[in-house]
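Down below is the structure, laid out as structure tokens.
Numbering (the numbering used here), first residue to last: 21 to 125.
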């Protein structure tokens, strides 16, 4: 053999099996961390003043002002990170739905 370590089929299976387990654990850790960051950030807001769009689940708005036919909102979360300094938007009541933490988190 010319290689440094002679590997047979069982060696390759073991190597790729361990690699797969490491990748799964890493993905689980990163997704858990992302969920904790998202939860901590959104917990600082009153859930009754948060809204979300039914079409893009990750986008969360905070209600700034309520009008008769519309609400003025500002986006606070875009799915992966918090939004700071975003512009206020006025939308009709039926466009946004109340924030559902179980669906979002």
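For every residue, glycine included, the Cβ atom is placed at its ideal position computed from N, Cα and C. Here the structure is a predicted model, which is why all the values come from computation and not from measurement.
Using the beta-carbon count (16 or more within 10 Å), is residue i buried or exposed?
{"i": "residue 97", "result": "buried"}
Which one of the options has the shortest CA to CA distance from residue i?
{"i": "residue 89", "options": "112, 118 and 95", "result": "112"}
{"i": "residue 110", "options": "123, 86, 37 and 43", "result": "86"}
{"i": "residue 117", "options": "50, 61 and 70", "result": "70"}
{"i": "residue 121", "options": "29, 53, 105 and 65", "result": "65"}
Less than 8 Å between the beta carbons of residue i and residue j, yes or no?
{"i": "residue 91", "j": "residue 82", "result": "no"}
{"i": "residue 108", "j": "residue 80", "result": "no"}
{"i": "residue 67", "j": "residue 119", "result": "yes"}
{"i": "residue 102", "j": "residue 61", "result": "yes"}
Which full runs of the beta strand (DSSP E) of 3+ residues lie inside the region 52 to 92, going along the chain?
Listed in chain order, they are 70 to 72 and 79 to 86.
Assess, as a yes-or-no matter, whether the region 70 to 82 is touched by the region 44 to 57 under the definition of 3 or more beta carbon pairs within less than 8 Å.
no
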